[in-house]
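Undergrad:
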Ligand code: SF4
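In the numbering used here, the protein residues as written are 55 to 118.
Following this line, the structure appears as structure tokens:
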């Protein structure tokens, strides 16, 4: 599974970073950066949670 971001949707709310700081960061503009592009195991579960809580629906986990 690959973790993807949509910068046009991200509003810099930071929930993903606060929830999973090992997987996400924020750039200088506050927009999401992905630190682990292909999360596995516990990281995949954590990434799935972040996808769910993002208020802007800017994150997705895709099968590729
Ligand atoms: S939770 Fe969503 S809107 Fe907020 S920084 Fe992360 S990706 Fe962007």
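Where is the CB? At the ideal position from N, CA and C, for every residue including glycine.
1) Taking 8 angstroms as the threshold (C-beta atoms), are residue 88 and residue 57 in contact?
2) Starting from the Cα of residue 69, find the closest Cα among 84, 55, 118 and give me that residue.
3) Pull up the distance between the alpha-carbon of residue 86 and that of residue 95, whole angstroms please.
4) According to DSSP, what are the bridge partners of residue 88?
5) Over the uninterrupted alpha helix (DSSP H) stretch that includes residue 111, give me the two end residues.
6) Please determine whether the Cβ atom of residue 75 lies at a distance below 7 angstroms from any heavy atom of the ligand SF4.
TA: Let's see:
1) To locate residue 57, count along the chain shown from 1; it is residue 3. To locate residue 88, count along the chain shown from 1; it is residue 34. Their beta carbons are under 8 angstroms apart, which means residue 57 touches residue 88 by this criterion.
2) The residue labelled residue 69 in the question sits at position 15 within the chain shown. Between residue 69 and the set 84, 55, 118, the nearest pair of CA atoms involves 84.
3) Numbered from 1 along the chain shown, position 32 holds the residue referred to as residue 86. Numbered from 1 along the chain shown, position 41 holds the residue referred to as residue 95. The straight-line gap separating the alpha-carbon atoms of residue 86 and residue 95 is approximately 22 angstroms.
4) Position 34 of the chain shown, counting from 1, holds the residue named residue 88. Partner(s): 78.
5) Mapped onto the chain shown, residue 111 falls at position 57. Where residue 111 is concerned, there is no enclosing alpha helix (DSSP H), given that its DSSP letter is neither H nor E.
6) By one-based count along the chain shown, residue 75 stands at place 21. Distances from the CB of residue 75 to the heavy atoms of the ligand SF4 are all 7 angstroms or more.
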